[in-house]
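**Student:** If you read the sequence shown in the numbering used here, its first letter stands for residue 5, the second for the next number, and so on.
Ideal Cβ positions, reconstructed from N, Cα and C, are used throughout, including at glycine.
Input: one structure, supplied below.
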Amino acid sequence: KIDRLMEKFAANYCATHPQVFKSSDTAYILAYAVIMLNTDIHNALAEHMITRDSFISMNQESTEAYGDTLTPEFLGGIFDRINAKEIEGDSPP
5 KIDRLMEKFA
15 ANYCATHPQV
25 FKSSDTAYIL
35 AYAVIMLNTD
45 IHNALAEHMI
55 TRDSFISMNQ
65 ESTEAYGDTL
75 TPEFLGGIFD
85 RINAKEIEGD
95 SPP
């Protein structure tokens, strides 16, 4: 179910922001990477903390096949913002 949700999110994002990514696969990969990064940095039980350089390199390599070039500045900015502030959802009542 999560995979289908992520696919729909990526497709919708690209449909409403056609100038950002050439492929919805890039949006999917990056959205998944953001979730994993948030968990890796902010979960005390996570065993390995990804480095800024690794996050940039991994996402550049993963998205180039889909025709998108994500700059180190773009990806580093994402890393820095997530590192500074955890993405949190609303807690159930």
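How would you write the range of the alpha helix (DSSP H) that T43 sits in, first residue to last?
**Tutor:** According to the DSSP assignment, T43 belongs to the alpha helix (DSSP H) that extends over S28 to H46.
**Student:** Do you know offhand how far F78's Cα is from S61's?
**Tutor:** 12 Å
**Student:** Rounding to the nearest angstrom, what Cα-Cα distance links A31 and G81 in this structure?
**Tutor:** Each residue's alpha carbon lies about 16 Å from the other.
**Student:** Which of the three DSSP states, helix, strand or coil, is assigned to I6?
**Tutor:** helix
**Student:** DSSP state of L49, grouped into three classes?
**Tutor:** coil
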